[in-house]
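Asker:
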Amino acid sequence: MIAEKLEHSHDPKAIAARLKRGPRASYLRDLVYGGIDGAVTTFAIMAGVVGAELSAGVVLVLGIANLLADGFSMAAGNYSSTQTEIDEYRFTRQMEERHVRVAPEGEREELRQILSNMGFQDEELHHAVETIANQRERWIDIMMTEEHGLPPITRSPIKAAAFTFLAFVVCGSVPIIPFALPGGAQTLVATIMTGVVFFSIGSLRSRWSPTPWWRAGLETFAVGMLAASVAFVVGYLLRGLA
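Take the sequence shown: its position 241, counted from the start at 1, is 728 in the working numbering, and no numbers get skipped.
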């Protein structure tokens, strides 16, 4: 029987070092979100322009304008939403600190019920409550995660915005690159290249998901191509207005 692969070491020293370092903020969703949106929107613009039978120059103008404007808009929106998460965390933590200070017995009861739901009983429950209650910051940490469902770490709004913008620009550039180069079959080349981007982003997402890499890749590929197909049809139907 082949041993299953473990994601990290369980050596006591390795465990101690990992716990001392603490959890790290992940910006994977910002990369995936920005990359998919960048590729989808720019490819959709390209498909719409091609469907309307406009020139390659129009593809470049609209594509580059979208890369900068929409990319910045997404980054700004992600910055604001991430900052809102931080503000919510700070507000809730201040509230819990006040409750611990003003109504400690009520907070102890909340802690007791939380630990009871985890399986602590009788003497061990009493000991656990007293031990945690004597560590104020740890007490509040538990209330933040167990009572309010807020994560123990917060992400940087600037990093979240930067990763979103970077992924948007890099992936969103793919559909319009062929139109900046000499040669024919630009639409076909752009479609193939963008399809590879869709599949790659989906496959990358699977590293942190139970979904198989090929299925995640195909799902993202299908969503991207569907969006582009809609844009192409709309552009084709409205081609006489250009």
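The beta-carbon is built from N, C-alpha and C at its ideal position, and this holds for glycine as well. Note that the coordinates shown come from a computational prediction; the quantities given were computed from them, not determined experimentally.
1. By DSSP, does Met-605 sit in helix, in strand, or in coil?
2. For Asp-524, does the count of other Cβ atoms within 10 angstroms reach 16, so buried, or fall short, so exposed?
3. Whose C-beta lies closer than 6 angstroms to the C-beta of Pro-644 among residues of the same chain, with five residues either side of it excluded?
4. For a minimum of 4 consecutive residues, which ranges assigned as the alpha helix (DSSP H) are wholly contained in the stretch 625-712?
5. Use the C-beta contact count for Arg-692: other C-beta atoms within 10 angstroms, 16 or more gives buried, fewer gives exposed.
6. Could you give the DSSP three-state label for Asn-553: helix, strand or coil?
7. Taking one C-beta from the stretch 524-538 and one from the stretch 713-724 each time, how about it: are there three or more such pairs within less than 8 angstroms?
8. Who are the near neighbours of Leu-705 in its chain, counting only those whose CB is closer than 8 angstroms to its CB and skipping five residues on each side?
9. Identify the continuous alpha helix (DSSP H) that holds Tyr-520 and give its terminal residues.
10. Measure the C-alpha to C-alpha separation of Glu-592 and Gln-622 and round it to an integer number of angstroms.
11. Under a Cβ-count criterion, where at least 16 other Cβ atoms within 10 Å of its own Cβ denotes burial, should Phe-578 be classed as buried or exposed?
12. Going by beta-carbon coordinates alone, are Phe-652 and Leu-547 separated by less than 8 angstroms?
13. For Pro-499, which three-state DSSP category applies?
14. If distances are taken between C-alpha atoms only, which option among Pro-669, Leu-515, Ala-501 comes closest to Gly-509?
15. One question on the structure: do Val-661 and Thr-678 come within less than 8 angstroms of each other, judged by their Cβ atoms?
Answerer: Reading from the atomic positions:
1. Three-state DSSP puts Met-605 in coil, outside helix and strand.
2. It counts as buried.
3. Within the same chain, Tyr-566, Thr-569, Gln-570 come within 6 angstroms of Pro-644 by CB-CB distance, once the 5 residues on both sides are set aside.
4. Whole alpha helix (DSSP H) segments, 4+ residues: 644-660, 673-692.
5. Buried, because 16 or more other Cβ atoms sit within 10 Å of the Cβ of Arg-692.
6. Looking at Asn-553 - three-state DSSP - the assignment turns out to be helix.
7. Touching, per the Cβ criterion.
8. Cβ neighbours of Leu-705 beyond the five flanking positions: Phe-686, Gly-689.
9. That run of the alpha helix (DSSP H) goes 515-538.
10. One C-alpha to the other measures close to 15 angstroms.
11. Under this definition Phe-578 is an exposed residue.
12. No. Outside cutoff.
13. Helix.
14. When each option's Cα is compared against that of Gly-509, the closest is Ala-501.
15. Not closer than 8 angstroms, so no.
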